[in-house]
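Note that the protein sequences, when read in sequence, are chains A and B.
Going by the numbering used here, the first residue of the first sequence is number 47, and it counts up by one from there.
Going by the numbering used here, the first residue of the second sequence is number 38, and it counts up by one from there.
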Amino acid sequence: MAKLSINGQMIDIDVEPDTPLLWAIRENVGLTGTKYGCGIAQCGACTVHMDGVAMRSCGVLVSEAVGRQITTIEGLAINGVLTRVQQAWIDHDVPQCGYCQSGMIMAVAALLKDNPQPSDADIDDAITNICRCGTYQQIREAIHAAANV
Amino acid sequence: MNPMRQLDRRAFVVGAASAGLALGFDVPFGGPTAVRAADGTREVNAWVVIRPDDTVVIRIARSEMGQGTLTGLAQLVAEELECDWSKVTTEYPTPGQSAARKRPWGSFNTGGSIGIRASQQYVRRGGAAARVMLLQAAANEWKVPAVECVAADSVITHAPTGRTVTYGKVAEAAAKLEPPTDVELKDPRDWKIAGRSMKRLDTADKTTGKMIYGIDVRLPGMLSAAIRACPVFGGKLKSFDEAKIAGLKGVGKVMRVGDDAVAVIADTWWRAKTALDALPIVWDEGDNAKVSSASIAGWLEEGLDPAQPAFVGNADGDARGAIAGAARTIEAVYDYPYQNHAALEPLNATALYTPDKCEVWTGTQDGERAFTAVVQASGLPSDKCDVHKVMLGGGFGRRTVPDYVRQAVLIARQMPGTPVKLVWSREEDMTHGRYHPVTQCKLTGAFDADDNLTGLHMRISGQSIAASSTPELLKDGMDPFTFQGVASSGEAFANIGPARLGYTIPHLLIDHSMRNPHVPVGVWRGVNGNQNGIYLECFMDELAHSAGQDPLAFRCKLMANHPKHLAVLDAVAERVGWSSPAPQGVFRGIAQQMGLGSYVAAAAEISVTDTNRIRVHRIVAATDPGTVVNPAQIERQIAGSFVFGLTGLFYGGCTVKDGRIAQTNFDTYNAMRIREMPKVEAIVMPSGGFWGGVGEPTIAVAAPAVLNAYFAATGKRIRSVPLSNLDIVFA
Numbered sequence: 047m048a049k050l051s052i053n054g055q056m057i058d059i060d061v062e063p064d065t066p067l068l069w070a071i072r073e074n075v076g077l078t079g080t081k082y083g084c085g086i087a088q089c090g091a092c093t094v095h096m097d098g099v100a101m102r103s104c105g106v107l108v109s110e111a112v113g114r115q116i117t118t119i120e121g122l123a124i125n126g127v128l129t130r131v132q133q134a135w136i137d138h139d140v141p142q143c144g145y146c147q148s149g150m151i152m153a154v155a156a157l158l159k160d161n162p163q164p165s166d167a168d169i170d171d172a173i174t175n176i177c178r179c180g181t182y183q184q185i186r187e188a189i190h191a192a193a194n195v
Numbered sequence: 038m039n040p041m042r043q044l045d046r047r048a049f050v051v052g053a054a055s056a057g058l059a060l061g062f063d064v065p066f067g068g069p070t071a072v073r074a075a076d077g078t079r080e081v082n083a084w085v086v087i088r089p090d091d092t093v094v095i096r097i098a099r100s101e102m103g104q105g106t107l108t109g110l111a112q113l114v115a116e117e118l119e120c121d122w123s124k125v126t127t128e129y130p131t132p133g134q135s136a137a138r139k140r141p142w143g144s145f146n147t148g149g150s151i152g153i154r155a156s157q158q159y160v161r162r163g164g165a166a167a168r169v170m171l172l173q174a175a176a177n178e179w180k181v182p183a184v185e186c187v188a189a190d191s192v193i194t195h196a197p198t199g200r201t202v203t204y205g206k207v208a209e210a211a212a213k214l215e216p217p218t219d220v221e222l223k224d225p226r227d228w229k230i231a232g233r234s235m236k237r238l239d240t241a242d243k244t245t246g247k248m249i250y251g252i253d254v255r256l257p258g259m260l261s262a263a264i265r266a267c268p269v270f271g272g273k274l275k276s277f278d279e280a281k282i283a284g285l286k287g288v289g290k291v292m293r294v295g296d297d298a299v300a301v302i303a304d305t306w307w308r309a310k311t312a313l314d315a316l317p318i319v320w321d322e323g324d325n326a327k328v329s330s331a332s333i334a335g336w337l338e339e340g341l342d343p344a345q346p347a348f349v350g351n352a353d354g355d356a357r358g359a360i361a362g363a364a365r366t367i368e369a370v371y372d373y374p375y376q377n378h379a380a381l382e383p384l385n386a387t388a389l390y391t392p393d394k395c396e397v398w399t400g401t402q403d404g405e406r407a408f409t410a411v412v413q414a415s416g417l418p419s420d421k422c423d424v425h426k427v428m429l430g431g432g433f434g435r436r437t438v439p440d441y442v443r444q445a446v447l448i449a450r451q452m453p454g455t456p457v458k459l460v461w462s463r464e465e466d467m468t469h470g471r472y473h474p475v476t477q478c479k480l481t482g483a484f485d486a487d488d489n490l491t492g493l494h495m496r497i498s499g500q501s502i503a504a505s506s507t508p509e510l511l512k513d514g515m516d517p518f519t520f521q522g523v524a525s526s527g528e529a530f531a532n533i534g535p536a537r538l539g540y541t542i543p544h545l546l547i548d549h550s551m552r553n554p555h556v557p558v559g560v561w562r563g564v565n566g567n568q569n570g571i572y573l574e575c576f577m578d579e580l581a582h583s584a585g586q587d588p589l590a591f592r593c594k595l596m597a598n599h600p601k602h603l604a605v606l607d608a609v610a611e612r613v614g615w616s617s618p619a620p621q622g623v624f625r626g627i628a629q630q631m632g633l634g635s636y637v638a639a640a641a642e643i644s645v646t647d648t649n650r651i652r653v654h655r656i657v658a659a660t661d662p663g664t665v666v667n668p669a670q671i672e673r674q675i676a677g678s679f680v681f682g683l684t685g686l687f688y689g690g691c692t693v694k695d696g697r698i699a700q701t702n703f704d705t706y707n708a709m710r711i712r713e714m715p716k717v718e719a720i721v722m723p724s725g726g727f728w729g730g731v732g733e734p735t736i737a738v739a740a741p742a743v744l745n746a747y748f749a750a751t752g753k754r755i756r757s758v759p760l761s762n763l764d765i766v767f768a
């Protein structure tokens with residue numbers, strides 16, 4: 047058993063403490079917007095915020111997430127109002143298949159919190175998630191647009 | 038489309054018969070019989086449902102996997118329907134419904150960049166027929182001639198009196214009418230919805246985590262399955278020791294799946310996967326375990342000998358004689374590796390089997406092929422089976438093959454009444470692909486004393502996709518698709534469109550020594566154009582330089598009879614500024630090809646430091662797909678195609694060791710990130726009169742444009758992929 051704080055709610059789940067946070071979120075909590083892509087913290091599809099910091103949840107154990115504030119893609123919009131990052135994604139028609147985009151948006155939201163006006167080089171350093179469809183050009187445009195809202 | 042809503046509904050009715058979609062119509066008009074959509078609304082025809090609130094539901098048979106086909110096909114139907122675009126939503130019919138209705142939606146296949154172009158005519162007719170029926174229904178109600186009524190933005194107006202009614206008010210009556218026997222389609226020049234950069238219809242849910250992919254499907258009482266197939270292709274499962282994982286929390290059955298795999302079932306996938314990792318398994322790997330990349334390469338190399346028998350794909354004059362009698366010849370050998378599709382969503386399918394019904398929920402590029410797999414694996418008659426398609430987390434060709442669907446059904450058959458979601462680990466996905474075929478190529482060019490190219494022999498040696506995955510497409514043993522991009526002028530590939538060579542060379546021979554190793558291969562985004570683009574377009578550069586000529590000018594001389602090929606090449610040359618010097622330290626390369634029905638070309642600008650660190654600054658890419666349905670989405674497909682093509686060039690090799698694929702995850706099989714992304718400038722230049730694909734063709738010119746620029750920068754030729762094997766990296 048573990049007690050996790052996810053999107054502002056305390057949730058009790060029946061799970062081994064060494065379960066990756068990704069799978070606890072997807073299977074035990076039932077929030078499937080956080081995606082499995084590689085399981086070895088390479089692709090970033092599983093990115094969530096832990097105490098406001100972008101983390102690849104496949105590489106975080108449930109035991110390490112206890113007592114932390116976890117935000118998933120489902121918890122990013124407040125009261126149904128999309129964040130400027132999500133809105134920029136829509137305005138720029140960023141997603142293709144969309145599978146990586148939850149993780150991308152979470153990574154970008156964390157970047158803009160720390161660095162409200164990132165340069166292209168800042169983006170290159172901070173956003174290392176994989177998009178196999180190749181939406182990087184639209185992602186970069188949308189990040190700059192979100193930064194300038 | 039709202040897969041979420043569809044899934045919620047399905048979740049409560051699984052096992053029940055599908056809604057009453059039973060009667061057949063001819064493509065595509067639908068018929069007089071009352072047939073209702075999933076929510077109970079009567080459809081106007083197979084393509085169009087209009088709800089009383091004027092919502093327009095457009096049925097889409099092809100699969101959306103990021104390429105935008107869902108939006109593009111909806112635009113084409115909406116254009117002819119004359120409906121209000123802001124009221125459009127979409128839904129997938131199921132292959133089971135299609136089978137029961139004599140295939141009113143035609144093919145579901147979504148490979149070869151055919152989604153829009155292969156169905157454009159009948160989906161437009163479907164939209165037009167619905168419009169005619171709606172107009173007639175309004176005219177009947179008003180008791181006026183239908184010719185006095187006009188439709189625009191989902192509103193019908195009786196011109197003489199100015200009376201109006203919306204589609205939603207007459208849709209029920211329209212659905213009861215006889216469909217028209219013929220309809221006239223608009224000239225694309227008159228389009229208002231199609232041909233424009235409409236926003237995608239599926240974006241919002243992809244930004245909030247709400248979009249449901251196959252891996253997200255949840256059904257009541259569902260269990261999860263992790264699977265491992267024999268790591269050596271063709272090997273068998275000998276035994277496993279399930280006692281070793283007995284009693285692990287949440288873990289249920291451990292079972293054989295076919296003759297080559299074992300699955301562990303648990304209440305969560307993580308528990309199933311953890312238990313599978315701990316399960317002792319004994320394989321019968323067979324003789325294929327002796328195969329390695331080196332042994333394959335040796336076998337392919339033998340096929341480069343011109344004396345070896347080969348299938349002739351394109352020939353003119355006497356190339357062998359021209360080479361023998363040439364003033365000068367040059368020769369080069371290239372190779373191209375196995376590659377995994379590595380779609381970011383690992384393969385998965387959810388199946389529910391009972392003795393009288395089998396249903397599957399999955400992301401597939403071909404609903405009908407998946408459906409056939411369900412029928413075969415379940416042993417049930419086809420009217421007891423169905424496939425519910427959900428969003429694909431990437432496909433790139435891999436999801437045309439329903440091996441994972443078959444596995445899910447074989448698992449579910451062993452647990453009747455319990456829905457089971459099978460998810461492959463990334464490692465399973467990496468090592469059980471349908472890989473890009475492996476080939477080598479020897480090219481020999483012949484010049485006369487004035488440095489005119491008189492002859493070319495292009496000998497391809499290696500694997501055939503058709504032989505591995507679609508043997509019915511072989512023609513007397515030959516795989517015509519092998520010659521994608523270098524085919525003869527008369528060649529039109531069955532259903533994927535022409536891919537003609539863009540050069541006229543007096544003495545030409547392009548042939549294929551087919552050698553099929555045991556590694557299964559399949560269509561990988563861009564398909565055979567990828568290696569042929571490197572082979573021919575890099576060698577064209579070699580020929581030009583050996584003759585002391587500019588690579589563009591050298592090509593142009595050979596392209597006089599190929600104006601559309603030439604037009605896209607000229608377009609990129611002009612945009613990149615080929616005739617003026619590149620910026621200091623920047624070097625350029627060009628390439629062109631025709632593939633999947635479209636003409637494409639690219640110019641790359643790169644810089645190189647320390648001979649092994651490449652920065653791709655800028656790509657200019659032109660596409661002439663004949664007809665354009667959504668320019669903004671085409672631009673995105675072009676930009677994305679360079680990520681796919683350059684990922685293949687820099688990182689893409691899968692190597693074979695002891696009969697299995699050595700790369701198991703993104704740590705050993707890398708993919709481009711945003712840092713490595715060049716600026717891609719797309720030139721979309723439809724010349725009209727034909728319909729070509731856009732999701733794939735430009736991949737084929739990505740690598741050769743960059744490799745030719747690398748030569749310009751360094752004077753060194755690279756003839757082997759991936760660059761990571763040569764310690765050449767992104768700067």
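A virtual CB, placed ideally from N, CA and C, is assigned to each residue, including glycine.
{"Asked": "Assuming S144(B) contacts L110(B) (C-beta within less than 8 angstroms), just tell me the rounded distance between them.", "Found": "Not confirmed; about 13 angstroms, so no contact."}
{"Asked": "At which residues does the alpha helix (DSSP H) containing K243(B) begin and terminate?", "Found": "Counting along the chain, K243(B) falls outside any alpha helix (DSSP H), and DSSP gives it neither H nor E."}
{"Asked": "What are the boundary residues of the beta strand (DSSP E) that N351(B) is part of?", "Found": "348-353"}
{"Asked": "So, for M495(B): in the same chain, excluding its five sequence neighbours on each side, which residues have a beta-carbon less than 6 angstroms away from its beta-carbon?", "Found": "L480, I547"}
{"Asked": "With the cut-off set at 8 angstroms, would you say L595(B) and L744(B) are in Cβ contact?", "Found": "no"}
{"Asked": "Which same chain residues end up closer than 7 angstroms to N351(B) when comparing Cβ atoms and leaving out the 5 residues on each side of it in sequence?", "Found": "F520, V523, A524, S525, L538, L545, I547"}
{"Asked": "Could you run through the stretch 164-181 of chain A and flag, in chain order, every residue whose CB is less than 8 angstroms away from some CB of chain B?", "Found": "I169, D170, D171, I173, T174, N175, I176, C177, R178, C179, G180, T181"}
{"Asked": "If A196(B) sits next to E185(B), beta carbons under 8 angstroms apart, how far is it from one beta carbon to the other, in whole angstroms?", "Found": "6 angstroms"}
{"Asked": "Under a CB-based cut-off of 8 angstroms, is G431(B) close to chain A?", "Found": "yes"}
{"Asked": "Looking only at its chain, what residues have a beta carbon closer than 8 angstroms to the beta carbon of S644(B), apart from the 5 residues adjacent to it on each side?", "Found": "G622, V623, F624, I651, R652, H654, A750, A768"}
{"Asked": "State the Cα-Cα distance for the pair D64(A) and L580(B), rounded to the nearest angstrom.", "Found": "60 angstroms"}
{"Asked": "Our contact map puts V94(B) next to T127(B) with C-beta atoms below 8 angstroms; I'd like the distance itself, whole angstroms only.", "Found": "7 angstroms"}
{"Asked": "Within a Cβ cutoff of 6 angstroms, which residues of the same chain sit near G685(B), ignoring the five residues on either side of it in sequence?", "Found": "Q376"}
{"Asked": "At the level of alpha carbons, what is the spacing between P418(B) and S100(B)?", "Found": "24 angstroms"}
{"Asked": "Which residues in the same chain as A315(B) place their Cβ atom closer than 6 angstroms to its Cβ, once the five residues preceding and following it in sequence are excluded?", "Found": "I282"}
{"Asked": "Does the Cβ of T181(A) have 16 or more other Cβ atoms within 10 Å, making it buried, or fewer, making it exposed?", "Found": "buried"}
{"Asked": "What are the boundary residues of the alpha helix (DSSP H) that S505(B) is part of?", "Found": "502-506"}
{"Asked": "Which bits of chain B does E110(A) rub up against, with CB to CB less than 7 angstroms?", "Found": "Result: empty, since nearest Cβ-Cβ is about 16 angstroms, beyond 7 angstroms."}
{"Asked": "Give the C-beta separation of V560(B) and G434(B) to the nearest angstrom, bearing in mind that I take them to be a contact with Cβ-Cβ under 8 angstroms.", "Found": "4 angstroms"}
{"Asked": "Within the 8 angstroms Cβ cut-off, does E382(B) reach chain A?", "Found": "yes"}
{"Asked": "So is P453(B) buried or exposed if we call it buried at 16+ other beta carbons inside 10 Å?", "Found": "exposed"}
{"Asked": "Could you spell out the range, first to last residue, of the alpha helix (DSSP H) harbouring G85(A)?", "Found": "It is not in any alpha helix (DSSP H) - G85(A) carries neither H nor E in the DSSP assignment."}
{"Asked": "Helix, strand or coil for I711(B)? Go by DSSP, reduced to three states.", "Found": "helix"}
{"Asked": "Have a look at K247(B) and M428(B) and give me their C-alpha separation to the nearest angstrom.", "Found": "11 angstroms"}
{"Asked": "Starting from the Cα of V605(B), find the closest Cα among T646(B), S583(B), A658(B) and give me that residue.", "Found": "A658(B)"}
{"Asked": "Going straight from the alpha carbon of Q104(B) to that of R357(B), what length do you get?", "Found": "43 angstroms"}
{"Asked": "V160(B) touches chain A at which residues, Cβ-Cβ below 9 angstroms?", "Found": "Within chain A, no residue comes near V160(B); the closest Cβ sits about 21 angstroms away, beyond 9 angstroms."}
{"Asked": "Count the C-beta pairs between the stretch 504-520 of chain B and the stretch 389-405 of chain B that are closer than 8 angstroms, then say yes if the count reaches three, no if not.", "Found": "no"}
{"Asked": "Contact between the stretch 258-274 of chain B and the stretch 295-312 of chain B: three or more CB pairs below 8 angstroms?", "Found": "yes"}
{"Asked": "Please determine, among I318(B), V411(B), E718(B), C691(B), the residue with the shortest C-alpha to C-alpha distance to R612(B).", "Found": "E718(B)"}
{"Asked": "May I ask you to report which of helix, strand or coil DSSP gives G68(B)?", "Found": "Confidence at G68(B) is low in this model, with a pLDDT of 42, below 50, so its placement is unreliable and no value can be given for it."}
{"Asked": "Run through the DSSP bridge pairs and tell me what L546(B) is partnered with.", "Found": "A352(B), H494(B)"}
{"Asked": "My guess is that C575(B) and P741(B) are in contact by the Cβ rule of under 8 angstroms, so how many angstroms apart are they, rounded?", "Found": "5 angstroms"}
{"Asked": "Which two residues bound the contiguous alpha helix (DSSP H) that contains R406(B)?", "Found": "404-415"}
{"Asked": "So what does DSSP say about V108(A), is it helix, strand or coil?", "Found": "helix"}
{"Asked": "Identify, in the order they occur along the chain, each residue of the same chain with its Cβ nearer than 7 angstroms to the Cβ of P723(B), setting aside the five sequence neighbours on each side.", "Found": "D661, P662, G663, T664, V665"}
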